[in-house]
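As structure tokens, the structure follows; a few thoughts come after it.
Number of protein chains: 2
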Amino acid sequence: MKKRPTIKDVARKVGVTHSTVSRVINDNPAISGRTKDKILKAMKELSYQPNLVARGLVRRKTHAFALITPDLNPHVLPIIKGISDTCRRLGYGLMLFSTDYWIGENRSYAEVVRNWLVDGVLIYNVIYHEDVPENIRELEEENIPCVFINKFLGKNKVNNVSVDNDEAVFKAVSHLAATGHKRIGMIKGGMLSVDGVERFNAFRKSLEKLEIEFDENITGCGNFFFSEAYEEMKRILCSSPGRPTAMFCANDLMAMGAVKAAEDMGLKVPQDIAVAGFDDLEAARFFKPSITTLKPPLEDIGGKAIEMLLRVIENPSRPVEEIGLGSRLIVRESSVV
Amino acid sequence: MKKRPTIKDVARKVGVTHSTVSRVINDNPAISGRTKDKILKAMKELSYQPNLVARGLVRRKTHAFALITPDLNPHVLPIIKGISDTCRRLGYGLMLFSTDYWIGENRSYAEVVRNWLVDGVLIYNVIYHEDVPENIRELEEENIPCVFINKFLGKNKVNNVSVDNDEAVFKAVSHLAATGHKRIGMIKGGMLSVDGVERFNAFRKSLEKLEIEFDENITGCGNFFFSEAYEEMKRILCSSPGRPTAMFCANDLMAMGAVKAAEDMGLKVPQDIAVAGFDDLEAARFFKPSITTLKPPLEDIGGKAIEMLLRVIENPSRPVEEIGLGSRLIVRESSVV
DNA sequence: GGTTATAATGCACACGTTAACATTAAATCA
DNA sequence: TGATTTAATGTTAACGTGTGCATTATAACC
């Protein structure tokens, strides 16, 4: 790599000290217009650019953030996009650290920040219950600015931005109710995840609000998987005395599994049974029938998370902030004729 | 953020100079075993970690790479995963820069590297023909280590790792031929993209090798879109005298469009017409019928690209290296009963 | 035992920038 | 006019590491 001109090269060319050049770079008002112009001109001629590493050393800020994500699943892509776009807009860099095995990994992610390679951290989708994992406690103990994407099940509050499951689920269930359904069942996701728990609770609250009876018998758990949902749906359709006329599924994969189960049992979707999912996977659009679903504002979440991180950095001692964003209901073939 | 211990803190604790500590950090053999042990012990006790920014300043290496990608589409996710995993394995950091409008953007991406924030760059899916875009020429001119993911259409060779379209397409066409098809058509992708051009050429070469006649009349262009492929497929099925019994599509979206068109015209897939795609989208698995497709080794591509980048850094003047990786054929319902 | 090779460590500067403090020149005031 | 404020720039010391060279202490040699 070619050697780049430094602040001193610029200074020499103009006939001033490097600190004068530094001042114009940082918009210090003490510099006279005349020398400022000369310096700017010289910088352009040499195509000078400040060395961010050197600046990072003295300022103790690198002007970069890190995103730490335990897995790279399709959901995370729009989130990354939101984060990346926002970083670009604000002039920040973005480092990406992914790992498939977050908890229990002996390498600490605070390392990254400790070395001052980043000014703050975004953490996606880390799930824990009672005990805070070592890696995260480290971040807290060292007061590293940090915002979580998605919530915890644990009791302690953290800065986070996530999908408002209550709002979203109510939209979907209302839609099913509005199209005439009185017996609505649900295929739950895994109860170890925040979304699994929240979406189920939201489902029950929605029924209550809409004055529809909740029936345990038409409820199953598919753990967010296509195949498990398929089995559960078959079980529900076979065994229960009063068959459901609509099913809400905690994600699209399970909704597709439920649809397939219904069809394999000779039922027509949506005529005999309506189905709605959550996520708006690409597959949900192309599935036959296409799946009615909730589209979470993932790009927004990424953007808002960065903005929150900036607020945290500016004022580390401010009270914990939690933001939930609304989703869009996309009505497709699986719920209406 | 808490102040971290420095090399000097360690030195003071042991009673040596900071340069001695630096030497043990860098495995300099000049240090005696006794002091080395003492220093290692002190480092552990203080939980010292080298400041990578400071090191980056003096070494002119940050031990981080950048991935620049014009868009964040689903294909790029496994590539990112491959890159990220490999970086982690090698102890490198990864910066992510995405932009939807690469060419014509006035901000230069060489900036990133010039500031020595990264040691090398991976560029995904930048397409150009005759004139090299400014941004890329800049990288070349300044001898910035750089590897491309996916090839160019331009005449000049670059270091790159990509999908071997010849190999993949031949696999798919052979499969169709092996299941008895003699009239095989194709829905092409956009001819402005490398994959579009290469996959079509590979298709023709495959037919030749398999001694099957190529017929322009059962060839269409869907520009990689579902809807355009749908229309083209209808056109082909309506107009041509000798209807094709199998279609190869340059990607899965178009394959799904082609299937839908065939079914809407009363044909059964695969009984009346077989269809194969490319990409192995998640949707291709859940589509009905599920789509026979080629799964490109995207994670591998990411990993190999990083490895190539390391070779480029080690020896910048070595001859240009081009690697093409093979794909896996996944046979599903759309091509066999 | 003195000379020389060798092993182990210290010293001082460099990397490119920022920023506190010092200095000079110019402008304002009494 | 001389004192004093203000504006503009220079000096210098950080930031945390790495490294060439100098300096010891130790071992080897004759």
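Chains as they are written, first to last, in the numbering used here: chain A, 5 to 341; chain B, 5 to 341.
C-beta: ideal position from N, C-alpha, C; glycine also.
Just so we're clear, the structure is a prediction, and the values are computed from it rather than from any experiment.
Open item on the list: In this structure, how does DSSP classify Asn163 (chain A) when only helix, strand and coil are distinguished?
Closed with: coil
Roughly how many angstroms separate the alpha carbons of Cys91 (chain A) and Ile127 (chain A), rounded to a whole number?
15 Å
Note to self: Can you confirm whether Ser339 (chain A), when its beta carbon is compared against all beta carbons of chain B, has any partner nearer than 8 Å?
What the structure shows: no
**Study point:** Closer than 9 Å at the beta carbon, the chain B residues around Ala287 (chain A)
**Key:** Ala287 (chain A) reaches chain B at Leu285, Glu286, Ala287, Ala288, Arg289, Phe290, Phe291, counting residues in chain order whose Cβ is nearer than 9 Å.
Practice prompt. Report all residues from its chain with a CB closer than 6 Å to the CB of Met143 (chain A); omit the five preceding and five following residues, and keep chain order.
Written response: This sequence places Leu at residue 143 (chain A); Met is not what is there. Cβ neighbours of Leu143 (chain A) beyond the five flanking positions: Ala114, Cys150.
> Does any CB atom of chain A fall closer than 8 Å to the CB of Leu3 (chain B)?
Replying inline: Residue numbering for chain B in the displayed model covers 5 to 341; residue 3 (chain B) lies beyond these limits and cannot be assessed.
>> I want to verify the contact list: residues of chain B whose CB lies under 7 Å from the CB of Leu102 (chain A), in sequence order.
In response: A small fix is needed here, since residue 102 (chain A) is Ser in this sequence, not Leu. Going along chain B in sequence order, the residues near Ser102 (chain A) (Cβ under 7 Å) are Lys85, Ser88.
Review point. Using Cβ-Cβ distances below 7 Å, what residues of the segment 243 to 270 of chain A are close to chain B?
Key: Hits within the stretch, in order: Met260.
* CA-CA distance, Asn227 (chain A) and Ala266 (chain A)? -> 18 Å
Residue span of the beta strand (DSSP E) that contains Phe252 (chain B), given as start and end = For Phe252 (chain B), the enclosing beta strand (DSSP E) covers residues 250 to 253.
inquiry  = Once the 5 residues before and after Ala278 (chain A) are set aside, which same chain residues still bring their CB inside 8 Å of it?
reply    = So the list reads Leu180, Thr183, His185, Thr249, Ala250, Met251, Thr296, Ser338, Ser339, Val340, once near-sequence residues are dropped.
Checklist line | Partner residues on chain B for Pro78 (chain A), Cβ-Cβ distance less than 8 Å | finding: Pro78, Leu81, Glu286
* Asked: Using a C-beta cutoff of 8 Å, does Glu115 (chain A) count as contacting chain B?
  -> yes
Does any residue of chain A have a CB that is nearer than 8 Å to the CB of Val57 (chain B)? yes
Check your understanding: Residues of chain B with a CB under 8 Å from the CB of Gln53 (chain A): which are they?
Key -> Glu115, Arg118, Asn119
Suppose contacts are defined by Cβ-Cβ distances below 8 Å. Is Ala233 (chain A) in contact with Ile191 (chain A) by that definition?
Judged by their CB atoms, Ala233 (chain A) and Ile191 (chain A) are nearer to each other than the 8 Å cut-off.
How is the alpha helix (DSSP H) around Arg203 (chain B) delimited, first residue to last? 198 to 213
#### Entry: Rounded separation between Lys7 (chain B) and Pro293 (chain B) - CA only
60 Å
>> What does the alpha-carbon distance come out to for the pair Val80 (chain A) and Pro323 (chain B)?
In response: 37 Å
Margin query: Under DSSP, the alpha helix (DSSP H) around Glu236 (chain B) begins and ends at which residues?
Written below: It spans 230 to 243 - the alpha helix (DSSP H) in which Glu236 (chain B) sits, taken as one unbroken run.
#### Entry: Test item: CB-CB of Ala172 (chain B) and Ser331 (chain B) under 8 Å
One thing to note: Ala172 (chain B) has its Cβ within 8 Å of the Cβ of Ser331 (chain B).
To which residues of the same chain is Arg64 (chain B) closer than 8 Å at the C-beta, ignoring the five residues directly before and after it? Trp120
Distance CB(Phe218 (chain B))-CB(Leu211 (chain B)) smaller than 8 Å = yes
Check: Where does Ala266 (chain B) sit, in a helix, a strand or coil, going by DSSP?
Finding: Helix, per DSSP.
- Item | Residues of its chain near Leu333 (chain B), where Cβ-Cβ distance is below 7 Å and the 5 sequence neighbours each way are ignored | Lys175, Ala176, His179, Leu298
* State yes or no: is the beta carbon of Val14 (chain B) nearer than 8 Å to at least one beta carbon in chain A? => no
Discussion item. Would Leu61 (chain B) pass as an interface residue toward chain A - the criterion being a Cβ-Cβ separation below 8 Å?
Written reply: yes
Handout entry: Straight-line Cα distance separating Asn77 (chain B) from Ile83 (chain A)
Key = About 12 Å.
Could you check which residue in A:Arg59, A:Gly60, A:Val18 has the C-alpha nearest to that of Asp41 (chain A)?
Residue A:Val18 is the option with its Cα nearest to Asp41 (chain A).
Chain A contact residues for Gly97 (chain B), given Cβ-Cβ distances below 7 Å | Met99, Leu121
- [ ] Consider the Cβ of Thr66 (chain B): report whether some Cβ of chain A lies at a distance smaller than 8 Å.
- [x] yes
Notebook entry, point to check: Which residues in the same chain as Cys313 (chain A) place their Cβ atom closer than 7 Å to its Cβ, once the five residues preceding and following it in sequence are excluded?
Noted result: Here residue 313 (chain A) is Leu; the residue named in the question, Cys, does not match the sequence. Taken in chain order, the residues that qualify are Phe69, Gly124, Leu126, Pro149, Val151.
Check: What does a CB cutoff of less than 8 Å around Glu311 (chain A) pick up in its chain, not counting 5 residues either side in sequence?
Finding: Thr90
Original post:
Which of the three DSSP states, helix, strand or coil, is assigned to Ala34 (chain A)?
Top reply: coil
Original post:
Whose C-beta lies closer than 8 Å to the C-beta of Leu329 (chain A) among residues of the same chain, with five residues either side of it excluded?
Top reply: Val165, Ser166, Val167, Asp168, Pro300, Pro301, Asp304, Ile305, Lys308
Quiz item: Hey, does Glu322 (chain A) have any beta-carbon neighbour from chain B nearer than 8 Å?
Solution: Rather than Glu, the amino acid found at residue 322 (chain A) in this sequence is Arg. False, the Cβ-Cβ gap to chain B never drops below 8 Å.
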